[in-house]
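Protein chains: 2
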Amino acid sequence: MVTMKQIAERTGVSVSTVSLVLNHRDEGRVKADIARKVRTTAQELGYQPNALARSLRTNKIPIIGFVSEEVATTPYAGGIIQGAQDAARELGYLLITVSGDDAATVEQEVLALKRYGIDAFIYSAMSNRVVTIPQCLADYPLVLADATDRDNRFPAIEPDEFRIGYDATTRLIEAGCANIAYVGCTTPGPIIAQRGRLEGYRAALDDHGREFNEALVCNVDGNEEALRAVEHLFAEQHPDGFFCFNDSRAWYVYECAARQGLIVGKDISVVGVDNHRVIAETFAPQLTTIALPHYEMGYWAADKLISIVEHRDIAPTPNPLMLAPIPPLDGEEPVKMHCVLIEKESVRPQ
Amino acid sequence: MVTMKQIAERTGVSVSTVSLVLNHRDEGRVKADIARKVRTTAQELGYQPNALARSLRTNKIPIIGFVSEEVATTPYAGGIIQGAQDAARELGYLLITVSGDDAATVEQEVLALKRYGIDAFIYSAMSNRVVTIPQCLADYPLVLADATDRDNRFPAIEPDEFRIGYDATTRLIEAGCANIAYVGCTTPGPIIAQRGRLEGYRAALDDHGREFNEALVCNVDGNEEALRAVEHLFAEQHPDGFFCFNDSRAWYVYECAARQGLIVGKDISVVGVDNHRVIAETFAPQLTTIALPHYEMGYWAADKLISIVEHRDIAPTPNPLMLAPIPPLDGEEPVKMHCVLIEKESVRPQ
DNA sequence: TTGAAAGCGCTAACAC
DNA sequence: GTGTTAGCGCTTTCAA
């Protein structure tokens, strides 16, 4: 390993000079040609700074922790993490991801991070849910991504569930559907998503002078029972438009449609939220999909967090997705949905 | 922050004693009651070792790097990462994941890791492919997970593609299917998986005295065209059993079956590889799925890597999955498939 | 404009 | 058994 000492010896200067130069603090403090000489020998020797030594000395480490309780079980985690990692890299940080099945494991991992001096975290639930922030994170700079704090104390980047429901439904109305069903979910996990999207659905109907019909809301869980429920929906209500909570629910609609000889995109219209990516791979372009802005949530969460730890004042988190129009029903591109930043008082470490 | 120095002062001993005790190197070197006193004051003060200082001094850091070029786009990455992280934690390591869209970004991230003294890596492709190991990793301890090295130099943990094909097909034969189709893929990416599974399919047919019929192999890519190809397969060959490369392909079979009024699990049998987890959520228990052992691949890759860096001789990677029986066609549990360890000469850093 | 020196928190060789 | 001491590679006064 090449050290500053070696560079100093080879150049015939002291380590402090080398440190100054290589940290770009030489302006008006080191003669220009000495600085140049230092830089070239550093280059020649292939010097790489020892980040451990620097962090030990400065007592700060440019790494942020990404904490989640369920990376393993969710297929859409990658986008959030990638976004956070990209933002981190652009700002000179590394991202280290930890997760565990239970709170205890998570805490153990967080503790390990803290031992390295990592003291800023992103907490993510991997599907917009109300979460309880682990105690071990509560006293540090923290930003939530795709999660809602039960106690409402931290900045959070979440999908705009209401607009998802509103825009999906509006799209179906514009496609000429007369009888629009919502195939939602019953499980308590995604309650925020479920409630917000359903509200959006109702609001869109309302704004277009349509009457809300309870019988067109079909909340299902999975498997046989779900399939039967959707079959029942087809039989009783004959919907010609479907807003589906996610891929699985879209599948039930497809299955029932196929059994009845109905063609999606012709006889009926379907708009679905694409969690698993299998929709885009398989159904498109028959299906208008709403891709959740996972990447963007991760990106802006990391950006926000780093702005906090650096005491940098930034403009409010941009929402570039706000501008993306919903493409026509036969478009091939998934729709990127709006993502909303909820600003809370940010918490500082003691 | 509580330091050893503070503990030493409070206990009335020297830092070296404290270090000895807290690192469990006090056996026969420090009097038992002194050791106890040190431990209790450490407890009282809530001492947490400074990992940076330790790593700087010892010149080793218990963190392994997990490198991949495409975390963002794959829904099944989580399992591999979670497995690797669990193994790492159990062995006292942290896992840090980096990825990027292109080789340059990956290299930049790897360089950042190296600056922290991280010098052991897992490289993963997130779907068993032939990969070229980035130059920046080639001289370090390295284990591949769900990837095959083009130059065959590193230990690798991969799914046993042949057995996937063989067992899936055998299961369909045992289910009484007379005419078994393979719905595979055309894209060059998963070429290893495609080839291995197809070979397994052929071998199983062969071993059961069935004749291989080219017309029953339907390699498709996606969307309309794929759907038409599968429809054609139904019309021309009337298969009663289907082995599907992945979720998307299984969906085409379901769609066509539904259009023809055929019930899966009654009129036809389907075995599919579950990449996206949406199958298990949605289709089960109608569909026998083969869950790729992502978690296990990650787990054993990390175990292997750590055994290399610690010069620990371990027994050959266990293959607990080998024992899992394929459940009956109506079983609800996905089948965990065998995962194979390919032993190569492991590479050591200079 | 440069260098000497202290020290971040820890480990480990060596005295006593 | 226990303490003293010398660093790991870097940043940062402070003196020259």
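Those protein sequences? They're chains U and L, same order as listed.
For the first sequence, full-length UniProt numbering puts the final residue at 350, and the numbers step up evenly by one.
For the second sequence, full-length UniProt numbering puts the final residue at 350, and the numbers step up evenly by one.
Every residue gets a Cβ at the ideal spot worked out from N, C-alpha and C, and that includes glycine.
Three-state class that DSSP yields for residue i in the structure shown
i              : result
TYR140(L)      : coil
ASN219(L)      : strand
ILE306(L)      : helix
ALA291(L)      : strand
LEU323(L)      : Confidence is the limiting factor: at LEU323(L) the pLDDT is only 37, short of 50, which leaves the residue's position unreliable, though a coordinate-based value still follows. If DSSP states are grouped into helix, strand and coil, LEU323(L) belongs with the helices.
GLY117(L)      : coil
residue 352(U) : No statement about residue 352(U) is possible, as the shown extent of chain U runs from 1 to 350 and does not include it.
ASP313(L)      : coil
ILE92(L)       : The residue you asked about is not Ile; residue 92(L) is Gly in the sequence shown. Here GLY92(L) sits in coil by DSSP.
GLY78(U)       : helix
GLY209(L)      : coil
8 Å Cβ cutoff, residue i in contact with chain L
i         : result
ILE96(U)  : yes
GLY78(U)  : yes
GLN82(U)  : yes
TYR254(U) : yes
GLY184(U) : no
LEU305(U) : no
GLU109(U) : yes
ARG89(U)  : yes
GLN235(U) : The identity of residue 235(U) in the sequence shown is Ala, whereas the question assumes Gln. It does not: the Cβ of ALA235(U) has no partner Cβ on chain L nearer than 8 Å.
ALA120(U) : no
LEU56(U)  : yes
ALA112(U) : yes
ALA53(U)  : yes
SER19(U)  : no
Buried or exposed by the 16-neighbour rule on C-beta atoms within 10 Å, applied to residue i
i              : result
LEU20(U)       : buried
PHE243(U)      : buried
HIS311(L)      : exposed
ARG57(U)       : exposed
residue 352(U) : Chain U is shown only over 1 to 350; residue 352(U) falls outside these bounds and no answer can be derived.
MET4(U)        : buried
SER14(U)       : exposed
LEU111(L)      : exposed
ALA138(L)      : exposed
ASP33(L)       : exposed
VAL304(U)      : Looking at the sequence provided, one finds Lys at residue 304(U) rather than Val. The residue in question, LYS304(U), is buried, as its Cβ has 16 or more Cβ neighbours within 10 Å.
MET297(L)      : buried
ASP206(U)      : exposed
GLU345(L)      : Unreliable placement is indicated for GLU345(L), whose pLDDT of 31 sits below 50; no coordinate value is reported for it.
SER55(L)       : buried
GLN194(U)      : buried
LEU45(U)       : exposed
ASN275(L)      : buried
GLU161(L)      : buried
ALA178(L)      : exposed
Closer than 8 Å to chain U by CB, residue i
i         : result
ASN50(L)  : yes
TYR123(L) : no
TYR116(L) : yes
LEU172(L) : no
GLN135(L) : no
ARG259(L) : yes
GLN85(L)  : yes
SER269(L) : no
SER99(L)  : yes
ALA103(L) : no
ALA301(L) : no
ALA138(L) : no
ALA147(L) : no
Residues sharing a beta bridge with residue i, DSSP
i         : result
THR105(U) : In the DSSP output, where bridge partners are listed per residue, THR105(U) has none listed.
PHE66(L)  : THR97(L) and ILE122(L)
CYS177(L) : Looking at the DSSP assignment, CYS177(L) forms no beta bridge with any residue, so it has no partner.
VAL130(L) : THR148(L)
GLY184(U) : ASN219(U)
LEU230(L) : Position check: residue 230(L) holds Val in this sequence, whereas Leu was assumed. In the DSSP output, where bridge partners are listed per residue, VAL230(L) has none listed.
Legend entry - Minimum length 3: unbroken beta strand (DSSP E) runs contained in the stretch 238-268 of chain L: 241-244
Inset, instruction - Can you check the UniProt domain "HTH lacI-type" (2-58) of chain U for any alpha helix (DSSP H) of at least 4 residues that lies completely inside it and give the ranges in chain order? - result: 4-11, 15-22, 32-45 and 51-58
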